[in-house]
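Below: the structure, in structure tokens.
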Amino acid sequence: MWVYDGQLQRWATETLTETQRREVDRLTGQAKELRKTSTAAVALARELKAVTIESLLRMGDAERRLFDLRRGAVGPFGPVTTEQEKLAGEIDAWVQGLEARGGSDHAPAAPGLSAIEQ
16 MWVYDGQLQR WATETLTETQ RREVDRLTGQ AKELRKTSTA AVALARELKA
66 VTIESLLRMG DAERRLFDLR RGAVGPFGPV TTEQEKLAGE IDAWVQGLEA
116 RGGSDHAPAA PGLSAIEQ
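Numbering-wise (my numbering), the sequence shown opens with residue 16 and increments by one.
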């Protein structure tokens, strides 16, 4: 952008025909609009960074649901109740516990026996 701004400023100081002056004025206006649009696009990109697929996948279910609630999203069957939100948190904690234990809610099998045989 600064390259365009510099060139437009140099042209504006020169002796121009009326047609050239109108074109420089038009391009100056376009450059201002481009600057506003670029600034808005960067701001939006920063805002959306929090909701990239990667960041959403790193969230647990309860955390993602809480994120959705904070931004005003509702579930497929209407708004989520406090009771449902509490249950989601409990389920998420249970799943995290399973993951911490290697994916099972049972104690490890005794040597030589499968978990089913115990």
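Cβ atoms here follow ideal geometry from the backbone N, Cα and C, with glycine treated the same way.
Does the region 75–82 come into contact with the region 94–107, if we say contact requires no fewer than three beta-carbon pairs (one atom in each stretch) closer than 8 Å?
yes
Item to complete: Following the continuous alpha helix (DSSP H) through L71, name the residue where it begins and the one where it ends.
Response: 68–73
Inset, instruction - Could you pull out every residue in the same chain whose Cβ sits closer than 6 Å to the Cβ of E132, ignoring the five residues on either side in sequence? - result: Unreliable placement is indicated for E132, whose pLDDT of 44 sits below 50; the coordinate value is still reported in the next sentence. Nothing meets the Cβ criterion.
| request: Would you mind sorting A77 into buried or exposed? The rule is 16 or more other CB atoms within 10 Å of its CB. | output: buried
- Item | For T34 and T28, the rounded distance between their alpha carbons | 15 Å
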